[in-house]
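Count along the sequence shown starting at 1, add 1, and that's the number in my numbering.
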Amino acid sequence: MDAKTRIEELKKTLEYHIDRYYNMDAPEISDYEYDMLMQELKTLEKENPGLVTPDSPTQRVGGTAKREAGVLVRHNVPMLSLQDVFSKEDVYGFVEEMKEQLEDPEFVVEYKIDGLSMALRYEEGVLKLAETRGDGINFGEDVTENAKVIGDVKKKLKDSLPYLEIRGEVYMKIKDFDAVNERQELLGKKPFANPRNCAAGTLRQLDSKITKERKLSMFIFNVQDVKGMEFKTHTEGYEFLKKQGIRVIEDYKVCKTADEVWDAICKIGENRGNLEYDIDGAVVKLNRISDREKLGSTSKVPRWAVAYKYPPEEKETKVLDIELSVGRTGRITPTAIFEPIRLCGTSVSRATLHNQDFIDELDIGIGDTIVVYKSGEIIPKVKEVKKEKRPVGTVRFQIPDVCPVCGAKTEREKDTADIKCTSPNCPAQLERHIINFVGRDAMDIKGFGTVYIEDLVRLGYIKDVADIYELKEHREELIEQGIIGKEKNTDKLLDAIEKSKENDAYKLLTGLGIPNVGKAAAKAILKYFKNFEALEAADREQLQEVNDIGEVSADCIFRFFQDEKNQIVMERLRSHGVNMEYIPEEGADERFAGMTFVITGTLPNMDRKEAAALIEKYGGKVSGSVSKKTAYVLAGENAGSKLTKANELGIKVISEEDILVMTR
2 MDAKTRIEEL KKTLEYHIDR YYNMDAPEIS DYEYDMLMQE LKTLEKENPG LVTPDSPTQR
62 VGGTAKREAG VLVRHNVPML SLQDVFSKED VYGFVEEMKE QLEDPEFVVE YKIDGLSMAL
122 RYEEGVLKLA ETRGDGINFG EDVTENAKVI GDVKKKLKDS LPYLEIRGEV YMKIKDFDAV
182 NERQELLGKK PFANPRNCAA GTLRQLDSKI TKERKLSMFI FNVQDVKGME FKTHTEGYEF
242 LKKQGIRVIE DYKVCKTADE VWDAICKIGE NRGNLEYDID GAVVKLNRIS DREKLGSTSK
302 VPRWAVAYKY PPEEKETKVL DIELSVGRTG RITPTAIFEP IRLCGTSVSR ATLHNQDFID
362 ELDIGIGDTI VVYKSGEIIP KVKEVKKEKR PVGTVRFQIP DVCPVCGAKT EREKDTADIK
422 CTSPNCPAQL ERHIINFVGR DAMDIKGFGT VYIEDLVRLG YIKDVADIYE LKEHREELIE
482 QGIIGKEKNT DKLLDAIEKS KENDAYKLLT GLGIPNVGKA AAKAILKYFK NFEALEAADR
542 EQLQEVNDIG EVSADCIFRF FQDEKNQIVM ERLRSHGVNM EYIPEEGADE RFAGMTFVIT
602 GTLPNMDRKE AAALIEKYGG KVSGSVSKKT AYVLAGENAG SKLTKANELG IKVISEEDIL
662 VMTR
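Structure follows, in structure tokens:
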């Protein structure tokens, strides 16, 4: 392949991964793989300067500024990236270059935190603005409200300077990241890939309550601009910030020689596995501000700093076992248990194998010798199997077709690599199932919070959804143990549980957690069958007669009601007086039958749930994406890409006022 073709190929590949990393917070390759692609492009462009174009990824900083968390703001000081180096020779070369251009330069070596860059502007000692990196040169996003709920962000300084702008890294501690992902699974939502993605998505949230909940952290790593005071060195700025109660990068080291710089980098590398947060390298920067000003910056990077990226550390070990665990969503995750090895300063003996596809791709079995690595991350990963060291008789591991926890049948989820337990009564996924059952779209039992559910399941009061309606029999114990609170709180929840028995039957069907049966499908099913008695007696063909119920959904419903354990739960729900009859909504009709609506933007008086309920009342269906089958797009303010697509496809766009007229 000639240089021009390879350069174009690399540019296209990098553009895709830059968008995934910076703009979507959903990278598909490791930092190391990305760095190697970028390094290859830089080398080719250096060898072929005539092929360098202004739009090349090597000529830009970061991603694009987005209008998600707030308005765009112009940078007072550009938020540039750093030049990456990958070897001892590169580090020594940088130090020698600085010594050639400057008199007796000092260097600071510090952690390169793996997070999202943010700058804070203070006026007269008060925080006025927080901004993301955005495009790095011109614009970032205003995330001030979210920044104010981060514990490490000081809203007011002890010393009232006319102006101070500082830059740092917003990140998540590993324990906080694990807690967020546990909650995501519990709520049936997609877990975040890593702490950096979670931090980036959280900082851009529209709701600062969610930002506060997720416990972001921040380290400051630079004074961008200051008025009313002068710092001669980078570390002098750090000392001032520490006196203001601001957290700066930990354990930074001041160095004079290349050997000292390299030694500091090595020590950071040895310690990275012991940190409570992820780092993706070490930064080497000049300490004296006058030296920085003398050297300045290119259009993309400062000339006075580099970022050293650690090579992935890898070692061979032997697989002793493959353990299966069932998550709160029912997903079965295989984990390799291997002979302990030391990576990045810590002992590791386990690594996830993700799913059956990953196992098949590696062709891994118990007894195999594998290569395990860490690439600037805390989590160990399996790289490959050493086939030449495979013991005779070793076979590829296969996830069984029964749940390792409850013995129920497992099945592969459509369009994914996930194998899941099919039983909603599986103890491993019980908490999530109960949360779904009591939720707003299902039985809507107000006040039945996640903490109560966790405690009631843990203490054995709830083993399936029918047990919820037997809690009243344990009223005295619940009050005595304070599980829900005192008498008033306990009675309030028990009353809400009793009231839920009167709900329309579709809410019960929604709450049962049958795969592919959400609120809209449940409504359509109960509208057709009228009651659970008829539904439970229906065969697959009859189920497919319901609008939008296909072969897969029909099979899930049929198998659910054929399961003996589920039949017992349904009989208990009946005995407790839970309504199983469809209740026609007053004034409802089928004027929107066969029509699909998409709701986008902020409506003047209704939230989206209210608008969706109105459409469904009259037989319409609400979808999350615009297609040629969409009948109407109901648009409010800041409608965005869905409105654009509707206009491109020629789909009629209506307002809140229009939908109210249509439903009179």
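Idealized CB from N, CA, C, for every residue including glycine.
Everything numeric in this text was worked out from a predicted model, so none of it was measured.
Status (buried if at least 16 other CB within 10 Å, exposed otherwise) for residue i
i           : result
residue 559 : buried
residue 460 : exposed
residue 666 : The shown model of the chain, from 2 to 665, leaves out residue 666, and the question about it has no answer.
residue 282 : buried
residue 599 : buried
residue 569 : exposed
residue 13  : exposed
residue 169 : buried
residue 256 : buried
residue 44  : exposed
residue 158 : buried
residue 2   : exposed
residue 68  : At residue 68, the pLDDT of 42 sits below 50, so the modelled position is not reliable and the matter cannot be decided from this model.
residue 356 : buried
residue 639 : exposed
residue 284 : buried
residue 647 : buried
residue 203 : buried
residue 239 : buried
Under 7 Å between C-beta atoms of residue i and residue j
i           : j           : result
residue 79  : residue 138 : yes
residue 174 : residue 35  : no
residue 458 : residue 427 : no
residue 167 : residue 221 : yes
residue 511 : residue 442 : yes
residue 365 : residue 351 : no
residue 631 : residue 597 : yes
residue 109 : residue 286 : yes
residue 662 : residue 634 : no
residue 154 : residue 116 : no
residue 223 : residue 107 : no
residue 228 : residue 163 : yes
residue 268 : residue 85  : no
residue 15  : residue 55  : no
residue 419 : residue 332 : yes
residue 146 : residue 218 : no
Range covered by the beta strand (DSSP E) that runs through residue i
i           : result
residue 338 : 333–344
residue 281 : 280–287
residue 310 : Note, residue 310: premise wrong, no beta strand (DSSP E); not H, not E.
residue 223 : 218–228
residue 131 : 127–133
residue 370 : 370–375
residue 411 : 411–413
residue 75  : 73–75
residue 646 : Per DSSP, residue 646 belongs to no beta strand (DSSP E); it is in the alpha helix (DSSP H), 642–650.
residue 421 : 420–422
residue 114 : 108–114
For residue i, the residue or residues it bridges with in DSSP
i           : result
residue 323 : 337
residue 84  : 307
residue 356 : Residue 356 pairs with nothing; no bridge assigned.
residue 601 : 636
residue 592 : Its beta-bridge partners do not exist; DSSP assigns none.
residue 298 : 303
residue 253 : In the DSSP output, where bridge partners are listed per residue, residue 253 has none listed.
residue 316 : 373
residue 234 : 289
residue 348 : 343
residue 582 : 532
residue 382 : 374
residue 653 : 633
Distance cut-off 6 Å: residue i Cβ against heavy atoms of the ligand NAD
i          : result
residue 99 : Although the ligand NAD was asked about, the structure shown includes no ligands whatsoever.
Start and end residues, alpha helix (DSSP H) containing residue i
i           : result
residue 497 : 488–501
residue 619 : Premise fails: residue 619 is in no alpha helix (DSSP H) and is neither H nor E.
residue 118 : Note, residue 118: premise wrong, no alpha helix (DSSP H); beta strand (DSSP E) at 117–124.
residue 507 : 506–512
residue 662 : 657–663
residue 4   : 4–19
Subject >> Within the stretch 428–482, ranges of the beta strand (DSSP E) (whole runs, at least 3 residues) >> reply: none
**OP:** Return the chain-ordered ranges of every beta strand (DSSP E) run that is complete within the stretch 135–175 and spans a minimum of 3 residues.
**Re:** 140–142 and 164–172
**OP:** Taking only runs that begin and end inside the stretch 502–569, name each unbroken alpha helix (DSSP H) of 4 or more residues, in chain order.
**Re:** 506–512, 520–530, 533–538, 541–544 and 552–563
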